[in-house]
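S.K.: My questions will all concern the structure given below.
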Amino acid sequence: MYPRQFDYVAPTSLEEAFAALGDDSKVMAGGMSLIPLMKMRLFSPDVIVDIARIPGLATIHDAGDHISIGALVTHGETASSDSVVANATALATAASLTGDVQVRNRGTTCGALAHADVAADQPAGALACGAVMIAQSASGTREIPASEFFVDAMTSALRSDEVLTSIRLPKTGAGEGSAYDKLGRRGGHSDYAVAGAAAWVKKSNGSIEAARVALTGVGIKPTLASGVADALVGTDGSDAAVAAATEHALEGVTVLEDLYGSEEYKSHLAKVYVSRAIKQALANI
Amino acid sequence: MTQGVFGTSVKRTEDPALLRGKGLFVDDIKRHDEAAAAFVRSPFAHARITSIDKSAAEAMPGVQAVYTTDDVRSLGPLLAQVAIGKLRPLLADEVVKHVGEAVVMVVADNAAIARDGADAVLVDYDPLTAIIDPEYAATNETLVHDELESNVIHTWEAGEADAVQELADREDTVVTSLKMVNQRLIPTAIEPRGVLAEWQHGYDRVTLHTTTQQPHAVAGALALTFGLPGVNSARVIAPEVGGGFGRGLNVYAEEMLAVFASRELGRPVRWIETRSEASKSTIHGRGWTATATIVSEPDGHFLAYSLVGVADMGAYSQNFSVAIPVLGQFTMPGQYKWEAIYWKMDCVHTHTPTVDAYRGAGRPETTFYVERTVDAAARDLGMDPIELRKKNFFQPEDFPADTLIGMTMDSGDYGSNLDILVEKADIKGLRAMQEAARAEGRYIGVGIATFVEACGLAPSGFADAGVSWAGYGLPSAFNESAVVRINPDASATVVTGTGPTGQGHETVWSQIVSDRLAIPMERIVVIHGDTKDTPMGIGTGGSRSVAVGGVAVAIAADRIKEKAAKVAAHLLEASAEDIVFADNGAHVAGSPDKSVSWTDIAATAYQPHKMPEGMEAGLDMTAFFDPSNLTWPYGSHVAVVEVDPDTGDVDLMSYSAVDDCGNIVNPMIVAGQLHGGIAQGIGQALFEEAVFDEDGNLLTASLLDYLIPTAADLPSFDLAKTTTPTDANPLGVKGIGEAGTIVSTPTIVNAVVDALSPLGINDIQMPLRPKRVWAAMQEARS
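This is the structure in structure tokens:
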């Protein structure tokens, strides 16, 4: 299949990239989601700005109080980074369950987040881990919290003139843990999420002090299940407490039926995976 | 490597080119000045075409031509081997009958422009009611094709319904009945279809490179469609082809259309199918809805079996069409002795893509029905499914065994084969593990299925029943030819009528020749897939290559051996009867030092003055082989699964199999066929399904939504064999290409149902996606 004609720009600096970006342009890193859409002619931008040659974007950086993952860091690198595994376990796990080996070697974590697929793994991990998206353009830098980043189906808060140059993740402190789990379309962890959940918890003195829980696959966009987190805080994190909190999983979520599940089934799965993710996050402390 | 290579795991000679990415597939073969075709395909399952506006496309720079049905109607519909039902117009004629039907062909200077041109064609449609459900189609309430009297284009029927009913009505019998869907699948070869058509105007001949499993049939269709003087004016070449699975056992409209465009434009024309195009324009497989019924005595003695249903043929008949279900009829009774049997299958048109041969073609379907129903009968009877099978199997002394469906099965020892599986997979231990797990609230299932396959498609007598290439103007039967030639430099060339689409013919045919003539493998080249080189060939399909084509190679090699022995005897001043072949030459039996090399033999054979007096020069032999029967491989498989009670997710924990395909030429290749086949059958059980909405839109038109298994989804398979040679051919080989696919599907479903049997679940419709398994568990729990 051939895409419609487009211009291709391969800048070697961010400034050049910013200059090339316009209303009908698209940033490409690994191209794992973009190219199929273009070949199926579902998406036909006029200009592709390939950021792969821009130096400095392919690293995972420890900045002391946080870590940052650059725009060209692949899923595979995110999944296998000791730093990400230690500080953002949910995101590392989500990256390890993204696509297959070939996709993980080529696709990028930032690309997957910017793509904002309704059934992708890493957005849930980013939400639960409290990621901050660093969006840069000719007019400056915006820091967008993950909770404000996923706007709609396949739509992020990025403007067409911006590049998601990195994401920032707070480092894991004492008593904190996170986890991600899903049911894949081909069962187990295989393929996109029919339903998946990520959870981050902070425990002190035997009770949960803070929590973030995020869902993917069930609604129109990856989303925080704040009702669950609110219900969890102040409890001891016992199975009963998790079960009670899980009942809030679908607050504010419109569950969408698809080939992989009815509304009833996906609603049920959302609770199953919220519960599993919280329990694993607690175990990961 | 020479004698003794028969039966050994010689590494595939095909692989160095393929693994280095240097194999030559259709799209690797380039021509000067070639043009590319793209198609406008119907977005509707059933609609009247009210207008086609080609002007924007025609005005596009680089677009050479825009063709509609008006341009190609005179070529007639697409020819089919079994021309029953509605044949496909080359381009949609007034009314489109399925989503994806080709409506307009655009030819341009390159594929990107052709695609742009196709997008610029404006077609207006007036949508009509689409008939998607084959059972509804069978009622004839609405016709799929106005010009046909019935949607039911053929009904296969065998056995005696009354006799089955009488036994079912007996008070002391147990009747087990399951209505099941063997869902429609989309064959997914790694290489999409592609063609390169070259009309040679100076000679009025055509050469077509195409991703086919049956080049001769395509050549015949070209000769008839284009009014060529004969098949000798249509050369069809299947170069490397990335997967067959039956999708290549067809003649396609795009093959005819590319040749047409090449003739019109005087340029080579290429068309390469896209993956999403393939899901709608290449044939589908399976698509049965049927009810299977077993009548047993309370002690488990089987009395009767019936299978009644509908087989979806899609909108148009191509190639085998209604003949696919009858291949299933051959194995419909399974391995069991019945006193009465009944089979009826209505073949119906619907507004969907054509259904034709897909790996197993009819036999996976009937095996699924009988093996699922035997397990259900075991539950009804309170018997162990293994004991029930063994009680009703044909016994070794029954062979050759006549089935009530009119077939004679060659050889088998089904009970011993199953016993080996029971032992090897430790089914007793698995049952104990299952019991323990159940006590913990876990759902573990142990599923067994056994099968007998009818393969090695032959003998040629089937031609009288319409199974031949006569529909393509080539009244051949299902036999095969081979040529073995010793060249003047003592290298050997083997020409075969059955071409590979990944199976390993080059290796296996070389093994057969090397074994018989003691010529080293590296001195043998196998030529295949080019109609120029072979007098005839039906093709690769129905697990028939070794059992028919491979045997033809062996016979041709034996003829070479007979003549070469005389030459060697002449050179050694010995008697031809005393000549034995070894070590790239020949010697006198018992005197290895009295030897000549193949180089000496070949040099002599090509110099008449050195030959024995009266003997014709050359070492070139052709053989045709027609087996006396189909071959009947069989086997026993077991799968262990665990079902997640919270999600319905099925975890395939282990898979073991004992297969019997008679004598084996290359065990590694047999194992490879089993691995791929089992994976493909598991795909049907757990993942794959062509899903249409009620308007006939295909919802699974790309690999994003049409889920196929990957290695990551599967355990390592534990394989073993028994060996019961056939007497249908002199090599005693049976065929293994489809076995895994045929039996693994019911094996998996039996395992999942076994896991959930404590909930009273007796059946779940395939594919066993978590959502379906969970829904069944929810229903059972409430």
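Chains as they are written, first to last, in our numbering: chain Z, 37 to 321; chain F, 501 to 1282.
For each residue, glycine too, the CB sits at the ideal point set by N, CA and C.
1) By the DSSP assignment, the alpha helix (DSSP H) with residue 781 (chain F) in it spans what residues?
2) Would you mind sorting residue 555 (chain F) into buried or exposed? The rule is 16 or more other CB atoms within 10 Å of its CB.
3) Looking only at C-alpha atoms, which of F:1022, F:980, F:1051 sits nearest to residue 1012 (chain F)?
4) Whole angstroms are fine: how far does the CA of residue 739 (chain F) sit from the CA of residue 44 (chain Z)?
5) Which runs of the alpha helix (DSSP H) at least 4 residues long sit entirely within the region 555–639 of chain F? Give them in chain order.
6) Are the C-beta atoms of residue 195 (chain Z) and some chain F residue less than 7 Å apart?
7) Write down every uninterrupted run of the alpha helix (DSSP H) in the region 996–1041 of chain F whose length is 4 residues or greater and which is fully enclosed by it, in chain order.
8) Does the beta carbon of residue 1259 (chain F) come closer than 7 Å to any beta carbon on chain Z?
9) Which residues mark the beginning and the end of the beta strand (DSSP E) in which residue 455 (chain F) is found?
10) Of the residues F:1059, F:1082, F:1054, F:1087, which one's Cα is nearest the Cα of residue 1070 (chain F)?
11) Note the first and the last residue of the continuous alpha helix (DSSP H) segment covering residue 238 (chain Z).
12) If residue 871 (chain F) and residue 1246 (chain F) are in contact, beta carbons under 8 Å, what's the gap, nearest whole angstrom?
13) With a threshold of 7 Å between beta-carbons, can residue 226 (chain Z) be considered close to chain F, or not?
14) Go through the region 1180–1225 of chain F residue by residue and report every complete run of the beta strand (DSSP E) that reaches 3 residues or more, in order.
15) Residue 1091 (chain F): buried (16+ other C-beta within 10 angstroms of its C-beta) or exposed?
16) Thinking C-alpha only, which one of F:959, F:847, F:604, F:897 is nearest residue 1124 (chain F)?
17) Any C-beta of chain F sitting closer than 7 Å to the C-beta of residue 295 (chain Z)?
18) Output, in chain order, the set of chain Z residues within a Cβ distance shorter than 7 Å of residue 611 (chain F).
19) From the DSSP output, in three-state form, read off residue 125 (chain Z) for me.
20) Rounding to the nearest angstrom, what Cα-Cα distance links residue 102 (chain Z) and residue 153 (chain Z) in this structure?
21) Measure from the alpha carbon of residue 530 (chain F) to the alpha carbon of each residue in F:744, F:757, F:769, F:1281, then state which is nearest.
22) In chain Z, which residues lie less than 9 Å from residue 1199 (chain F) when you measure between Cβ atoms?
23) Rounded to a whole number of angstroms, what is the C-alpha to C-alpha distance between residue 501 (chain F) and residue 1084 (chain F)?
24) Could you check where the beta strand (DSSP E) with residue 847 (chain F) kicks off and where it finishes?
25) Go ahead and pull the three-state DSSP assignment for residue 759 (chain F).
26) On the three-state DSSP scale, how would you describe residue 877 (chain F)?
27) Going along the chain, which residues of its own chain have a beta-carbon closer than 6 Å to the beta-carbon of residue 115 (chain Z), five neighbours each way excluded?
28) Apply the 10 Å Cβ neighbour rule to residue 476 (chain F) and answer buried if 16 or more other Cβ atoms are within range, or exposed otherwise.
29) Sorted by chain position, which residues of the same chain lie with C-beta nearer than 6 Å to residue 311 (chain Z)'s C-beta, five sequence neighbours on each side aside?
30) Which residues of the region 1124–1153 of chain F have a Cβ closer than 7 Å to any Cβ of chain Z? Give them in chain order.
31) Check the C-beta distance from residue 280 (chain Z) over to residue 267 (chain Z) and give it rounded, since I have them as a contact under 8 Å.
32) Are the beta-carbon atoms of residue 782 (chain F) and residue 741 (chain F) separated by less than 7 Å?
33) Could you say which of Z:250, Z:235, Z:85, Z:192 lies nearest to residue 150 (chain Z) if we only look at CA atoms?
34) Given residue 619 (chain F), which residues of its chain have a CB within under 6 Å of its CB, disregarding the five upstream and five downstream residues?
35) Apply the 10 Å Cβ neighbour rule to residue 1159 (chain F) and answer buried if 16 or more other Cβ atoms are within range, or exposed otherwise.
36) Report yes if the C-beta of residue 300 (chain Z) is less than 6 Å from at least one heavy atom of the ligand GDP; otherwise report no.
M.R.: So, from the data block:
1) Run containing residue 781 (chain F): 775–781, per the alpha helix (DSSP H) assignment.
2) Taking all protein chains in view, the Cβ of residue 555 (chain F) is surrounded by fewer than 16 other Cβ atoms within 10 Å, so the residue is classified as exposed.
3) Nearest in C-alpha terms to residue 1012 (chain F), of all of F:1022, F:980, F:1051, is F:1051.
4) Roughly 35 Å between the two C-alpha positions.
5) When DSSP assignments are scanned along the region 555–639 of chain F, the uninterrupted stretches of alpha helix (DSSP H) that are 4 or more residues long and fall wholly within it turn out to be 555–558, 569–572, 611–620, 634–638.
6) No, residue 195 (chain Z) lies away from the interface with chain F (no Cβ there is under 7 Å from its Cβ).
7) Those alpha helix (DSSP H) runs which fall completely within the region 996–1041 of chain F and span 4+ residues are 1005–1017.
8) Not one chain Z Cβ lies under 7 Å of residue 1259 (chain F).
9) Nothing in the structure corresponds to residue 455 (chain F), since chain F is present only between 501 and 1282.
10) Out of F:1059, F:1082, F:1054, F:1087, the CA that lies nearest to the CA of residue 1070 (chain F) is found in F:1087.
11) Annotation: residue 238 (chain Z) is outside any alpha helix (DSSP H); the continuous beta strand (DSSP E) that includes it extends over 229–240.
12) Confirmed, Cβ separation roughly 4 Å.
13) Yes, residue 226 (chain Z) lies at the interface with chain F (some Cβ there is under 7 Å from its Cβ).
14) Fully enclosed beta strand (DSSP E) runs of 3 or longer: 1217–1221.
15) Residue environment analysis places residue 1091 (chain F) among the exposed positions, since fewer than 16 neighbouring C-beta atoms fall within 10 angstroms of its C-beta.
16) Nearest of F:959, F:847, F:604, F:897 to residue 1124 (chain F), Cα basis: F:959.
17) Chain F contact via Cβ: present.
18) Simply 38.
19) Residue 125 (chain Z): helix per DSSP, three-state reduction.
20) If I take the Cα positions, the gap works out to 26 Å.
21) When only C-alpha atoms are compared, the closest one is F:769.
22) What residue 1199 (chain F) touches in chain Z: 295.
23) In this prediction, residue 501 (chain F) has a pLDDT of 37, which is less than 50 and means its spatial position is unreliable; nothing more can be read from the coordinates.
24) If you look at residue 847 (chain F), you'll find it in the beta strand (DSSP E) that goes 840–849.
25) Reduced to three states, the DSSP call for residue 759 (chain F) is helix.
26) If DSSP states are grouped into helix, strand and coil, residue 877 (chain F) belongs with the helices.
27) Excluding sequence neighbours, residue 115 (chain Z) sits near 128, 131, 132.
28) Absent from the model: residue 476 (chain F). The displayed extent of chain F is 501 to 1282, so no value can be given.
29) Excluding five sequence positions before and after residue 311 (chain Z), the CB atoms of its chain that fall closer than 6 Å to its own CB belong to 278, 282, given in chain order.
30) Cβ contacts with chain Z: 1146, 1147, 1149, 1150, 1151.
31) About 6 Å separates the beta carbons of residue 280 (chain Z) and residue 267 (chain Z), which is inside the 8 Å limit, making them a contact pair.
32) Using a Cβ distance threshold of 7 Å, residue 782 (chain F) and residue 741 (chain F) do not count as a contacting pair.
33) The option with the nearest alpha carbon to residue 150 (chain Z) is Z:192.
34) The beta carbon of residue 619 (chain F) sits closer than 6 Å to none of the beta carbons in its chain outside the five residues before and after it.
35) In this structure residue 1159 (chain F) is buried. Its beta-carbon is surrounded by 16 or more other beta-carbon atoms within 10 angstroms.
36) The ligand GDP is absent from the structure shown, which contains no ligands of any kind.
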